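By the count of our numbering, the sequence shown reaches residue 333 at its end, each step adding exactly one.
In this text, a Cβ means the ideal position worked out from N, Cα and C, and glycines have one as well.
Keep in mind it's a predicted model, so treat the numbers as computed, not measured.
First comes the structure, then the notes that go with it.
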Amino acid sequence: MSKTGISTIQNTHSTAHVMADVVTRLFPETKLAIGPPTEDGFYYDFLTDVPISDDDLEKIENEMLKVIKQNLPFVYSEYSRKEIEVMNSNEPLKLEVISEIPDGEAISTYSPGEFEDLCAGPHVDSTGRFPGFKLLNVAGAYWRGDESRQMLQRIYGTAFESQEELLRHLDRLEGAKKRDHRTLGRDLDLFSVHEDVGAGLIIWHPKGARVRNLFEDFWKAEHYKRGYELVYTPNIGRANLWETSGHLDFFQENMFSPSLNDDQEYYLKPMNCPFHIMYYRSTLRSYRDLPMRVGELGTVYRYERGGTLHGMMRVRGFTQDDAHIFCGPRSS
């Protein structure tokens with residue numbers, strides 16, 4: 002909560018509404034999606050055939066300033082389901098959201114001026130309460146994060162109660178941008194990602210490989226010191242292995258589609274666990290063998306949605322430093 006009693010959520014969320022108002026006026030064929038607050042700002046998703054680029058942000062900001070100067074009140078209203086559906090009859094994404102509101106729950110809107118948007122709030126009293134704001138960038142995003150749905154245009158921004166707070170935040174963002182691992186990876190020639198290879202698949206350059214080798218050597222030494230034995234396991238496994246382990250029941254949407262070989266289905270492994278269990282089962286064990294510590298630097302593959310991929314932090318192929326301990330009730 003700020004000194005004026007206005008929460009950051011109210012501030013940023015209200016700014017998102019003003020931005021949506023301006024975007025729908027500057028790009029008249031635009032359809033609205035959603036515009037929630039984020040940890041340090043806000044975004045709003047739009048469905049439009051007209052590309053919105055970073056070059057348009059200044060124009061949008063200038064129009065937003067005009068709305069802010071008018072000091073328009075945020076007016077709260079409630080409607081019946083039928084009324085709100087009629088109001089949004091030309092907004093297919095809003096209608097989808099409305100259809101998911103439980104019966105009996107209040108359906109509300111907020112309107113600064115003539116722009117009225119489906120929203121549960123909260124909001125500031127008027128548009129004059131957030132003089133410090135900045136639109137940051139435009140990105141693509143699938144509706145509901147589903148790659149089979151429409152590609153939307155997402156505008157990110159941030160808002161504060163004063164220009165001083167805003168400038169301090171923008172300085173922090175600029176500093177973070179310089180420290181971004183994607184920037185460092187490019188500038189230091191550590192790794193790269195290529196569309197021809199595939200999104201979320203990292204190519205380690207020689208310098209990056211040296212850094213990686215240092216980490217791997219340290220990891221191996223520490224695990225040997227603690228009594229682990231290291232193994233190597235395959236990158237694919239038959240479907241029945243993943244059925245037995247439960248991965249197909251609970252994780253299949255994040256596994257790459259199976260390939261067929263000799264009428265058998267094979268999946269790229271998303272985890273190493275089943276293979277370590279197979280190693281344990283490869284021979285008859287005694288309780289005297291326990292606890293048995295098994296470790297692996299195993300490369301796994303997981304189907305992460307395109308919109309969630311982020312440099313090396315969220316990828317589709319990575320090496321997992323994995324370890325399992327097989328033990329009995331009295332193992333120590």
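*Compute the beta-carbon to beta-carbon distance between TYR45 and ALA21, rounded to the nearest angstrom, for a pair I have assumed lies under 8 Å.*
5 Å
*Mind reading off the beta-carbon distance from GLN164 to THR128? Whole number of angstroms is fine, and I expect it under 8 Å.*
Actually they are not in contact, since the Cβ atoms of GLN164 and THR128 sit about 16 Å apart, beyond 8 Å.
*In whole angstroms, what separates the C-alpha of PHE327 from that of ARG282?*
11 Å
*So ALA324 is in the beta strand (DSSP E); what residue range does that whole segment cover?*
318–327
_So, does the region 212–230 touch the region 304–312, judging by three or more C-beta pairs under 8 Å?_
no
*Enumerate in chain order the residues of its own chain whose CB-to-CB distance from GLU254 is below 8 Å, with the five nearest sequence positions on each side excluded.*
TYR304
_Counting beta carbon pairs with one atom in the region 287–300 and one in the region 169–186, are three or more of them shorter than 8 Å?_
no
*From PHE192 to PHE131, what distance separates their C-alpha atoms?*
41 Å
*Go to ASN63, then tell me how far its alpha helix (DSSP H) extends in each direction, as first and last residue.*
58–71
*Counting only the same chain and skipping the five closest in sequence on each side, list residues whose C-beta sits under 6 Å from that of MET293.*
PHE327
*LEU285 - containing alpha helix (DSSP H), residue span*: Counting along the chain, LEU285 falls outside any alpha helix (DSSP H), and DSSP gives it neither H nor E.
*Roughly how many whole angstroms lie between the Cα atoms of ALA34 and PHE47?*
6 Å
*How would you call ARG331, buried or exposed, if buried means at least 16 neighbouring beta carbons within 10 angstroms?*
exposed
_Quick check on the DSSP output: the alpha helix (DSSP H) that includes TRP243 runs from which residue to which?_
240–246
*Are the region 70–86 and the region 50–60 touching, with three or more C-beta to C-beta distances below 8 Å?*
no
_Ignoring anything shorter than 4 residues, give me the alpha helix (DSSP H) runs that lie fully in the region 143–199, in order along the chain._
164–180, 182–188
*Using a Cβ-Cβ cut-off of 8 Å (strictly less than) and excluding sequence neighbours within five positions of LEU27, which residues of its own chain qualify?*
ASP57, LYS60, ILE61, GLU64
*Where does TYR302 sit, in a helix, a strand or coil, going by DSSP?*
strand
*asked:* I need the straight-line Cα distance from PRO275 to GLY247, nearest angstrom please.
replied: 10 Å
_At least three beta-carbon pairs within less than 8 Å, the region 102–112 to the region 36–43_ = no
*With C-beta atoms as the reference, is VAL68 less than 8 Å away from PRO123?*
no
*Taking VAL194 as the reference, give the member of TYR80, PHE319, ASP147, MET256 with the closest Cα.*
PHE319
*Is it buried or exposed for LYS208, if we count other Cβ within 10 angstroms and need 16 for buried?*
exposed
*Could you name the residues of the same chain whose beta carbon sits closer than 6 Å to that of GLY312, not counting the 5 residues immediately before and after it, in chain order?*
HIS182, ARG183
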